[in-house]
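Asks: Below is one structure. I have some questions about it.
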Amino acid sequence: MAAVLLCLYWFLFSVACWLLAAIHIYDLKLPQLINDILLFGKMKDKKRKWTIAQWFEMPKRWFIHFYIVGSLTNGYFTYLYVCSYIFHHKPPTWLTFVLHFLAGVPSNASTGPGSALLLLLLMFIQTFRRLFECMFVSVYSRSTINIIHYIMGISLYTLFPLCVLCEAPNLQTVTSNNIKDDLFIIRHIAGGVMFLVASWQQNQIHRQFAALRKDDHGRIKTLHHKIPEGGWFQYISCPHYLMELVIYASFIVVAGPHHITLWTVFMFVVSNQLLSASLTHSWYKSTYKDYPSRRKAIIPYLL
1 MAAVLLCLYW FLFSVACWLL AAIHIYDLKL PQLINDILLF GKMKDKKRKW
51 TIAQWFEMPK RWFIHFYIVG SLTNGYFTYL YVCSYIFHHK PPTWLTFVLH
101 FLAGVPSNAS TGPGSALLLL LLMFIQTFRR LFECMFVSVY SRSTINIIHY
151 IMGISLYTLF PLCVLCEAPN LQTVTSNNIK DDLFIIRHIA GGVMFLVASW
201 QQNQIHRQFA ALRKDDHGRI KTLHHKIPEG GWFQYISCPH YLMELVIYAS
251 FIVVAGPHHI TLWTVFMFVV SNQLLSASLT HSWYKSTYKD YPSRRKAIIP
301 YLL
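At position 243 of the sequence shown (counting the first as 1) the number is 243 in UniProt numbering, and the numbers step up by one without a gap.
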């Protein structure tokens, strides 16, 4: 059974993203308070009036917290998984209770043990790579994010392991042979290749962004925004968001088509990335009068 509470959580966040996207598309005039909640980073009006939401803003560079928490959480769950599934250690009581609460007793698995292990490992790689980029690649401006964006980011990476395991086989009933039989099947290879290619592309895009603010010696020379050029930027404004979609699509491929909870996570990521791309694309066009008209927001030639 899909974890109803987790599915509902991601579904509601997805609906919120689509409502905000509709408001943006139809250019509805919103109170400053709503704009402060909706917009982040460079999209915020520098001359905006004060609202109570600004009390709950934090530096955009705090994105690094997502990946610190995500690396620790997904690394820890991968360790627990290996201990339980491969070395047959008894899982912590709290984890058994949480999974039973979310998925019911007994839970019906919609993905195999090998798929679950690979998903946890891929998310750990993703969060650790992003942590490395935040520390050594990215150059953040002095812009801010709202606490709602912060909560969404933290919850995505901390809840992901539970979203995977709530539809995986019981931690106490799987043998090593079960895992071997469920590893290196076609969808794992396809999903793994998708993940690696998209991760590498996203890393290159983040390096392009950082290069706009560094000199030839790698020293930071400005915190101002510039128009990125070359590569994927010939076609779209937000290729890093497109690669994020491909990364989460690779998780669906690895898990298989019946993992409902993971589908709701993917639905949220799609909704969030499309909204962010639309807002960013509009900001570029309104800020730079010479912005290339041929560029789309996130999908080349389409959107």
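Don't be surprised by glycine CBs; every beta carbon is placed ideally from N, CA and C.
On a predicted model such as this, the values are computed, not experimentally measured, just so you know.
Using 10 angstroms around the beta-carbon of V15, count the other beta-carbons present and answer buried if the total reaches 16, otherwise exposed.
Replies: Residue mapping note: residue 15 aligns to position 15 of the sequence shown, counting from 1. So V15 counts as exposed.
Asks: Cβ of A103 within 8 Å of Cβ of C7?
Replies: Taking the first residue of the sequence shown as position 1, residue 103 is located at position 103. Taking the first residue of the sequence shown as position 1, residue 7 is located at position 7. Contact: no.
Asks: Let me know if V253 comes out buried or exposed under the rule of 16 or more other beta-carbons within 10 Å of its beta-carbon.
Replies: For the purposes of this step, residue 253 is taken as the residue at position 253 of the sequence shown. Buried, by the Cβ-count rule.
Asks: So who's on the other strand from I236, going by DSSP bridges?
Replies: Stepping through the sequence shown from its first residue, residue 236 is reached at position 236. K296, per the DSSP bridge assignment.
Asks: Taking contact to mean at least 3 C-beta pairs separated by less than 8 Å, is the region 191 to 208 in contact with the region 265 to 280?
Replies: Output reads no: the region 265 to 280 does not touch the region 191 to 208.
Asks: Closest by CA to T222, which one among Y140, P239, T93, I298?
Replies: Mapped onto the sequence shown, residue 222 falls at position 222. Cα-wise, what sits closest to T222 is Y140.
Asks: Give the straight-line distance between the Cα atoms of L121 and L95, rounded to the nearest whole angstrom.
Replies: As a first step, residue 121 is located in the sequence shown; it is residue number 121 there, counting from the start. As a first step, residue 95 is located in the sequence shown; it is residue number 95 there, counting from the start. Computed Cα separation, rounded: 18 Å.
Asks: Who are the near neighbours of V246 in its chain, counting only those whose CB is closer than 7 Å to its CB and skipping five residues on each side?
Replies: Reading the sequence shown from its first residue, position 246 is the one you call residue 246. Answer for V246: M194, A198, listed in chain order.
Asks: Which residues in the same chain as F128 place their Cβ atom closer than 6 Å to its Cβ, once the five residues preceding and following it in sequence are excluded?
Replies: On the sequence shown, position 128 is the one that residue 128 refers to. The answer, listed in chain order, is S71.
Asks: Give the DSSP-derived three-state secondary structure of T144 in the structure shown.
Replies: The count along the sequence shown starts at 1 and reaches residue 144 at position 144. T144 falls in the strand class under three-state DSSP.
Asks: How would you write the range of the beta strand (DSSP E) that P59 sits in, first residue to last?
Replies: In the sequence shown, counting from the first residue as 1, residue 59 sits at position 59. P59 -> beta strand (DSSP E) spans 57 to 59.
Asks: Any beta carbon of chain D sitting closer than 8 Å to that of S155?
Replies: Reference to chain D is not applicable here, since this structure consists of a single protein chain.
Asks: Per DSSP, which residues does K214 bridge with? Please list them.
Replies: Residue numbering aside, residue 214 sits at position 214 when the sequence shown is read from its first letter. BP columns for K214 point to I220.
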